[in-house]
Amino acid sequence: MSEPSTVSVARAAASDIAELLRDELALASRELRDDLARLRPPALACAGGALAAAIGAGILLQVMAVEHPRSARILGWGLLVGGVASALFSWRAMPKRFLSRTRAQLHADAQLAHEAIS
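In numbering that gives the first Met the number 0, the protein residues as written are 0 to 117.
(1) Go to H113, then tell me how far its alpha helix (DSSP H) extends in each direction, as first and last residue.
(2) Can you say whether L19 is buried or exposed, counting buried as having 16 or more other CB atoms within 10 angstroms of its CB?
(3) Given a cut-off of 8 Å, decide if E23 and Q110 are closer than it, judged by their beta-carbon atoms.
(4) Output the boundary residues of the alpha helix (DSSP H) element that contains S85.
(5) Comparing C-alpha positions only, which one of W76, R29 and A12 sits nearest to I58?
(6) Within its chain, find whatever has a CB closer than 8 Å to the CB of G55; leave out the 5 residues flanking it on each side and keep chain order.
(7) Thinking just about the alpha-carbon of each residue, which of L35, S1, R21 and S28 is nearest to the one in K95?
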C-alpha cells in the first residue's frame, strides 16, 4: 500500500484551508448583517436625541440673544435635556461587541489547528 505523495497532501490541506476560509467569511458576513440590524434602532434613536438636543440648544441661544417668552425657554430646555437623555440611553443600548460568534469559531478553529500540529 502506497502512501499519498507530499504534493497530494499539500493540495488537500490547501483545499481544506480554502473551504474553511469560505465558511468563516460566510459566517462573518451573516453575523455582521445581524449585528447591523440590531444596531439600527438604537443608532437612529441616538441620532434623533442628538438632533433634538441640538434644536433645544439653538432655541436657548436664540432666547438668550432676543428676549422671548418663558415658554420658549421651557421648550428649549425640554428639548435639550430630553434629547441628551435620549441620546445617552440609546448609546448605552447599542451593542458594543460585534462578530462574537465568528470570533468564538475562529478561536476554536485555531485551537484545533494548534492541537493538530502539536
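From the three backbone atoms N, C-alpha and C, an ideal C-beta is built for every residue, glycine too. This one's a predicted model, so the numbers in the text were calculated from it and none came from an experiment.
By the coordinates alone:
(1) S99 to I116
(2) exposed
(3) no
(4) R69 to A92
(5) W76
(6) L74, G75, W76, G77, L78, L79, V80, G81 and G82
(7) L35
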